[in-house]
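Engineer: Quick note: the sequence shown, position 99, residue 99 per the UniProt record's numbering, numbers continuous. Glycine residues also receive a C-beta, built at the ideal position from the N, C-alpha and C atoms. The structure displayed is predicted, hence computed values, not measured ones. I'd like to ask some things about the structure below.
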Amino acid sequence: MTIDAVDPCLCIYPLSEWELIEAKLRELPSLREETRRLQRLLIGNAVDIELDGNGRFLVPPRLRTHAGLDKHAMLVGQLNKFQLWNEDAWNALAEADLAAIKQPGALPDDLRDLIL
């Protein structure tokens, strides 16, 4: 689990996917400030999580703060990972995203073809 560098949520990766990200980060030129920044954000905030006997996991306080997690959270599948969101933030973003793609011409044809 680590922070999402773009959205106010957390990303939870299966180990095999996380290892691919680490490998890609390792290949980037370490003298580039953007590379070091991304490594600090993703790797520096990463924690291993384990499920307890009831299928729960503990989110460290620093990561809870980043995602604004309180009593209600949303676990959202995203192909190769999950995102963990504050429920209110997720609902607001989902509504805004839906409204945005309903606008004429909002989606290029190749993306529109995925949902039609």
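1. If I follow the unbroken alpha helix (DSSP H) through N91, where does it start and stop?
2. Does N80 pass the burial test, meaning 16 or more other C-beta atoms within 10 Å, or should it be called exposed?
3. Should the segment 83-96 be regarded as contacting the segment 28-38, the criterion being three or more beta carbon pairs within less than 8 Å?
4. Could you work out which residue in I12, D4 and L25 is closest to L51 when comparing CA atoms only?
5. Check the DSSP bridge columns for M1 and list the partner residues they point to.
6. Which of the three DSSP states, helix, strand or coil, is assigned to L107?
7. Which runs of the alpha helix (DSSP H) at least 4 residues long sit entirely within the segment 32-79? Give them in chain order.
8. Where L20 and N54 are concerned, what is the direct C-alpha to C-alpha distance, given to the nearest angstrom?
9. Do A46 and M1 have their C-beta atoms closer together than 8 Å?
Structural biologist: To lay it out plainly:
1. E87 to I101
2. Residue environment for N80: exposed (fewer than 16 other C-beta atoms within 10 angstroms of its C-beta).
3. no
4. I12
5. In DSSP, M1 forms no bridge with anything.
6. coil
7. If you keep only unbroken alpha helix (DSSP H) runs of at least 4 residues inside the segment 32-79, you get 33-42 and 61-67.
8. The straight-line gap from Cα to Cα measures roughly 29 Å.
9. yes
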